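A.B. asks:
Number of protein chains: 2
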Amino acid sequence: MTTQLYCFGESGNAYKCALALTFADLDWEAVYVDFFNGEARGEEFRKLNPMGEVPVLVDGETVLTQSGVILDYISSKTGQLGGRSAAERRDILRWMFWDNHKFSGQIGTTRFLNNFLPEAKRPEGVIPFQQGRLKAAYRVLEDHLATRDWVVGGAVTIADLSLCGYLYYPEPFGFSRADWPHIDRWLDRIAALPGWKHPYDMMPGNPSDRA
Amino acid sequence: MTTQLYCFGESGNAYKCALALTFADLDWEAVYVDFFNGEARGEEFRKLNPMGEVPVLVDGETVLTQSGVILDYISSKTGQLGGRSAAERRDILRWMFWDNHKFSGQIGTTRFLNNFLPEAKRPEGVIPFQQGRLKAAYRVLEDHLATRDWVVGGAVTIADLSLCGYLYYPEPFGFSRADWPHIDRWLDRIAALPGWKHPYDMMPGNPSDRA
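So the sequences go chain by chain: S and L. First residue of the first sequence? That's 1 in the UniProt record's numbering, and the numbers climb one at a time after it. First residue of the second sequence? That's 1 in the UniProt record's numbering, and the numbers climb one at a time after it.
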């Protein structure tokens, strides 16, 4: 049975997994989750993932949630996109935890509040606060990429795919590639890999559906 | 050489690692980082961790950052506090990613803003926003613990230690054990394990130093 990724176009966390499945040459199909009408928080979906979150990967009997776990599984299963030593594997995990905590974790909320929540519902003060914290995080990644092509080791790994997940989207959330030249060139490097597609071309659903 | 944990009492992320080192019977010592005077963001400390964050574990030649990576390392090295199958190991990783993204990751900031930042500097609107998100997260953990003693499998693992990291502190941030009886009993279960200590008894530094 084809591996299924429960996803929707706007989910950068799902996009990370879609990229990994594609770059690892796995046969997969997207199952659309109607997030904006509450499907991910609904009873039916919570049977699949009690955390009420996208993405979910279904590979035969294996059902996985959390993009970090799915990325790790794809890499372990295929022997691709991973580290070449125990130290590299720990370093990949380190960047993936940092991504969940300080990078994508903050970007996802900021982008949601800034673009997908009606202006009247936006909680005052939250967006600038998160943007301030994110500036420090962009700086960490920018400095790291100043002397290297990939986040860990000499080739693309799931650490790159985790960190890039929200950075190709067109909706503004306070990040401009022009401000961070090393991040900018790294994003071009990832986008030049065979099979790369923009999130809205890789997964079903995008803001124009709701326009 | 004794394993060193760079930490300070108020850091729930460091506390997770201190608990794991203790429960795994490793010989370790605390190295105090003067976070509240900016040491973690200083040049000297960034040589150790360019992300500018506590904790850092130094075990001989191995220098590790990010609590999730340190927990995974302690468990791998000692064969303790881990999963008993590939599925359990993935489930542990899943809860640790969720913890970094949705649980400790949000609690740490909320607790900091609510207790350690002068009232005049608190960004308006951020604390209630985060508390609202956290309520949904407490619910996920509470429901999970309704039918089980430990987060994954039949014994304490690093998933429990990751998730409990901020929940024993006395400073208020909107979480009350009385509201979440399953979480409450699970915290008692962890606190009854041999060697358990309160964070301020396990690591140097606490709010009374700055009173």
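Quick reminder that beta carbons are idealized off the backbone N, C-alpha and C, glycines included. Keep in mind it's a predicted model, so treat the numbers as computed, not measured.
1) Between the beta-carbon of I183/L and the beta-carbon of E142/L, is there less than 8 Å?
2) Should the segment 96–114 of chain S be regarded as contacting the segment 128–138 of chain S, the criterion being three or more beta carbon pairs within less than 8 Å?
3) Under the assumption that F23/L contacts L81/L (Cβ atoms under 8 Å), give the Cβ distance between them as a whole number of angstroms.
4) Can you give me the Cβ contacts of G73/L inside the same chain, cut-off strictly under 6 Å, excluding the 5 residues immediately before and after it?
5) Taking buried to mean at least 16 other C-beta atoms within 10 Å of its own C-beta, is K16/S buried or exposed?
6) Do you know offhand how far M1/S's Cα is from L48/L's?
7) Thinking S162/S and S67/S are a contact (beta carbons under 8 Å), I'd like their distance in whole angstroms, please.
8) To which residues of the same chain is V56/S closer than 6 Å at the C-beta, ignoring the five residues directly before and after it?
9) Please report whether the beta-carbon of E124/S lies at a distance below 8 Å from any beta-carbon of chain L.
10) On the DSSP bridge assignment, give the partners of Q4/L in chain order.
11) For the 8 Å Cβ check, are there 3 or more pairs between the segment 193–200 of chain S and the segment 35–42 of chain S?
12) If the cut is a Cβ gap below 7 Å, which residues of chain S does residue 212/L touch?
13) Going by the DSSP bridge assignment, what does L64/L pair with across the sheet?
14) Please classify N100/S: is it buried, with 16 or more other beta-carbons within 10 angstroms of its beta-carbon, or exposed?
15) If you measure beta-carbon to beta-carbon, which residues of the UniProt domain "GST N-terminal" (1–82) of chain S are closer than 7 Å to chain L?
16) CA-CA distance, K102/L and W95/L?
17) How is H198/L classed by DSSP in three states: helix, strand or coil?
18) Taking DSSP as the reference, what is the three-state secondary structure of G125/S?
19) Anyone know if the C-beta pair for N115/L and E53/L falls short of 8 Å?
20) Near V33/L, what residues of its chain come up, given a Cβ to Cβ distance below 6 Å and the 5 sequence neighbours on each side ignored?
21) Taking its Cβ as the centre, do 16 or more other Cβ atoms sit within 10 Å of L117/L, making it buried, or is it exposed?
22) Could you give the residue range of the alpha helix (DSSP H) that holds R90/S?
23) Let me see if you follow: with CB-CB separation under 8 Å, is V151/L close to chain S or not?
24) Taking 8 Å as the threshold (beta carbon to beta carbon), is N100/L in contact with chain S?
25) So is A137/L buried or exposed if we call it buried at 16+ other beta carbons inside 10 Å?
26) Using 10 angstroms around the beta-carbon of R89/L, count the other beta-carbons present and answer buried if the total reaches 16, otherwise exposed.
27) For chain S, check one thing: does any of its Cβ atoms lie closer than 8 Å to the Cβ of R84/L?
28) Quick one, are the C-beta atoms of V126/S and V126/L less than 8 Å apart?
29) Could you tell me the alpha carbon to alpha carbon distance between P207/S and F97/S, rounded to whole angstroms?
30) Could you give the residue range of the alpha helix (DSSP H) that holds W186/S?
31) Would you say L167/S lies against chain L (beta-carbon separation less than 8 Å)?
32) Below 7 Å on C-beta distance, what does F129/S contact in chain L?
33) Check the Cβ of L161/L against every Cβ in chain S and list those closer than 9 Å, keeping chain order.
34) Using only CA atoms, which one of D201/L, Y166/L and A18/L lies nearest to L134/L?
35) Strictly under 8 Å for the Cβ-Cβ distance: is R148/S near chain L by that measure?
36) Output, in chain order, the set of chain L residues within a Cβ distance shorter than 8 Å of H144/S.
C.D. replies: Let me spell this out:
1) If you check the CB distance, I183/L and E142/L come in under 8 Å.
2) A contact exists between the segment 96–114 of chain S and the segment 128–138 of chain S.
3) 6 Å
4) For clarity, residue 73/L is Tyr in the given sequence; the question names Gly instead. So the qualifying residues of the chain are L64.
5) buried
6) 47 Å
7) 7 Å
8) Y6, L48, N49 and T65
9) Yes, E124/S counts as interfacial toward chain L.
10) Q4/L is bridged by DSSP to E29/L and V58/L.
11) The segment 193–200 of chain S vs the segment 35–42 of chain S: no contact.
12) Residue 212/L lies beyond the residue range present for chain L, which begins at 1 and ends at 211; the question has no answer from this structure.
13) L57/L
14) buried
15) Of all residues in the UniProt domain "GST N-terminal" (1–82) of chain S, P50, M51, L64, T65, Q66, G68, V69, D72 and Y73 have a Cβ within less than 7 Å of some Cβ in chain L.
16) 10 Å
17) coil
18) Residue state for G125/S is assigned as coil, using DSSP reduced to three classes.
19) no
20) Y6, F8, E39, A40 and V54
21) Exposed.
22) A86 to K102
23) At least 8 Å separates the CB of V151/L from every CB of chain S.
24) yes
25) buried
26) buried
27) no
28) yes
29) 29 Å
30) P181 to A191
31) no
32) P123 and V126
33) Per Cβ cutoff of 9 Å: no residues; L161/L is ~14 Å from chain S at best.
34) Nearest option by C-alpha distance: Y166/L.
35) For R148/S, the nearest beta carbon of chain L is not closer than 8 Å to its own beta carbon.
36) In chain order: P50.
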